[in-house]
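Asker: Residue numbers (this note's numbering), protein chains in the order written: chain A, 1 to 109; chain B, 1 to 109. Backbone N, C-alpha and C define an ideal beta-carbon position, used for all residues, glycine too. Computed from a predicted structure; not experimentally measured.
Given below as structure tokens:
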């Protein structure tokens with residue numbers, strides 16, 4: 001899902017930076033990853049997502065949200081929780097999640 | 001430069017999320033990108049970097065810093081400014097920079 005740029009607002013918002021290294025195990029990963037993006041995009045407070053995975057298995061997905069409460073609701077969403085368990089159990093060798101408040105943004109060229 | 005995970009501290013710190021789409025122009029891009037990582041890693045307040053570029057040309061680089069002042073100093077660093085100009089002029093079709101304060105972090109599995 002290397003789709004493109006997220007259109008995020010001028011006002012304050014939040015980023016969830018999810019950095020992960022995949023195991024060699026596929027078992028439905030691609031379909032579930034796509035489904036999670038689709039599901040996230042319909043959640044309250046979702047602003048956009050940017051996602052890249054390199055050939056070496058390292059990936060960074062940054063999703064953008066209106067509030068910390070919206071992020072907590074998404075984390076607790078039931079189908080997402082099932083996906084999280086599969087991620088921990090078989091798809092990810094390691095991951096880091098960082099939740100951050102976007103304070104300034106600009107674009108170019 | 002898909003090296004791996006950044007080891008970031010427990011206390012508050014900042015992330016610079018740089019999302020970019022490359023043009024088809026190379027002209028020294030790889031060497032300068034590597035040099036910028038090397039140079040950044042010696043700047044005051046640098047905590048780490050995570051970077052991935054996908055086969056489609058979209059890339060996400062997240063660098064982590066102790067303070068907003070350290071980020072401003074790195075942005076103003078002279079060799080970095082030359083690289084920024086080349087990036088705007090020939091290497092990047094589009095980019096978004098978001099500066100964010102990391103409020104919470106966890107890892108897994």
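#1: Grab me the residues of residue 92 of chain A's own chain with a C-beta within less than 6 Å of its C-beta, minus the 5 sequence neighbours each way, in chain order.
#2: Is the Cβ of residue 2 of chain B closer than 8 Å to any Cβ of chain A?
#3: Against residue 59 of chain A, what residues of chain C qualify as contacts under a CB-to-CB distance less than 7 Å, listed in chain order?
#4: Can you find a C-beta in chain A that's less than 8 Å from the C-beta of residue 105 of chain B?
#5: Secondary structure at residue 100 of chain A, three-state DSSP: helix, strand or coil?
#6: If you draw a straight line from the C-alpha of residue 78 of chain B to the C-alpha of residue 51 of chain A, how long is it?
#7: Expressed to the nearest angstrom, what Euclidean distance is found between the alpha-carbon atoms of residue 109 of chain B and residue 97 of chain A?
#8: Which bits of chain A does residue 40 of chain B rub up against, with CB to CB less than 7 Å?
#9: Taking the DSSP output, what are the residues bridged to residue 19 of chain B?
#10: May I ask you to report which of helix, strand or coil DSSP gives residue 7 of chain A?
#11: Helix, strand or coil for residue 51 of chain A per DSSP?
#12: According to DSSP, is residue 107 of chain A helix, strand or coil?
#13: Just to confirm, are residue 48 of chain B and residue 83 of chain B a CB contact at a threshold of 8 Å?
#14: Could you work out which residues of chain B lie near residue 100 of chain A, taking near to mean beta carbons separated by less than 7 Å?
#15: Where does residue 53 of chain A land, buried or exposed, given buried means 16+ other C-beta within 10 angstroms?
#16: Is residue 15 of chain B closer than 8 Å to residue 17 of chain A when the C-beta atoms are compared?
#17: By Cβ distance below 6 Å, which residues in the same chain neighbour residue 70 of chain B in space, the five residues on each side in sequence not counted?
#18: Whose CA, out of A:103, A:4 and A:11, lies closest to the CA of residue 68 of chain B?
#19: Determine, using beta carbons only, whether residue 19 of chain B comes closer than 8 Å to chain A.
#20: Distance check for residue 22 of chain B and residue 56 of chain B, CA to CA, integer angstroms please.
#21: Beta-carbon within less than 6 Å of residue 100 of chain B's beta-carbon, same chain only, minus the 5 sequence neighbours each way: which residues are those?
Answerer: Walking through what the data contain:
#1: Translated into the one-based positions of the first chain, residue 92 of chain A becomes position 92. Here the set comprises 20.
#2: For the purposes of this step, residue 2 of chain B is identified with residue 2 of the second chain, where counting begins at 1. Its pLDDT being 49, under 50, residue 2 of chain B is placed unreliably in this model, and the coordinates cannot settle the point.
#3: This model lacks chain C altogether, as its protein chains are A and B.
#4: What you label residue 105 of chain B is simply residue 105 of the second chain in a count that begins at 1. Closer than 8 Å to some Cβ of chain A, the Cβ of residue 105 of chain B qualifies, so yes.
#5: On the first chain, residue 100 of chain A is found 100 positions in, with the first residue counted as 1. Strand, per DSSP.
#6: Position 78 of the second chain, counted from the first residue, corresponds to residue 78 of chain B. Position 51 of the first chain, counted from the first residue, corresponds to residue 51 of chain A. When rounded, the distance between both Cα atoms is 31 Å.
#7: As a working note, residue 109 of chain B is residue 109 in the second chain. As a working note, residue 97 of chain A is residue 97 in the first chain. When rounded, the distance between both Cα atoms is 11 Å.
#8: Translated into positions along the second chain, residue 40 of chain B becomes position 40. Here the premise fails: no neighbours, minimum Cβ distance about 17 Å.
#9: On the second chain, residue 19 of chain B is found 19 positions in, with the first residue counted as 1. In the DSSP output, where bridge partners are listed per residue, residue 19 of chain B has B:60 and B:96.
#10: Within the first chain, residue 7 of chain A is the residue found at index 7, counting from 1. Here residue 7 of chain A sits in coil by DSSP.
#11: Here the question's residue 51 of chain A lines up with position 51 in the first chain. Here residue 51 of chain A sits in strand by DSSP.
#12: Along the first chain, read from residue 1 onward, the residue named residue 107 of chain A stands at position 107. In the structure shown, residue 107 of chain A sits in a strand (DSSP, three-state: E or B).
#13: Locating residue 48 of chain B in the second chain gives position 48, counting from the first residue. Locating residue 83 of chain B in the second chain gives position 83, counting from the first residue. Taking 8 Å as the cut-off, the beta carbon of residue 48 of chain B is found no closer than this to the beta carbon of residue 83 of chain B.
#14: As a working mapping, residue 100 of chain A is identified with position 100 in the first chain. Within 7 Å Cβ-Cβ: 15, 100, 101, 102 and 103.
#15: Counting from one through the first chain, the residue named residue 53 of chain A turns up at place 53. Residue 53 of chain A comes out buried.
#16: As a working mapping, residue 17 of chain A is identified with position 17 in the first chain. As a working mapping, residue 15 of chain B is identified with position 15 in the second chain. Their beta carbons are under 8 Å apart, which means residue 17 of chain A touches residue 15 of chain B by this criterion.
#17: Translated into positions along the second chain, residue 70 of chain B becomes position 70. 44 and 45, listed in sequence order.
#18: Position 68 of the second chain, counting from 1, holds the residue named residue 68 of chain B. When only C-alpha atoms are compared, the closest one is A:103.
#19: Taking the second chain and counting its residues from 1, one reaches residue 19 of chain B at position 19. Taking Cβ atoms only, chain A reaches closer than 8 Å to residue 19 of chain B, which makes this a yes.
#20: In the second chain, residue 56 of chain B corresponds to position 56, counting from 1. In the second chain, residue 22 of chain B corresponds to position 22, counting from 1. C-alpha separation (whole angstroms): 9 Å.
#21: As a first step, residue 100 of chain B must be located in the second chain, where it is residue number 100. So the list reads 15, once near-sequence residues are dropped.
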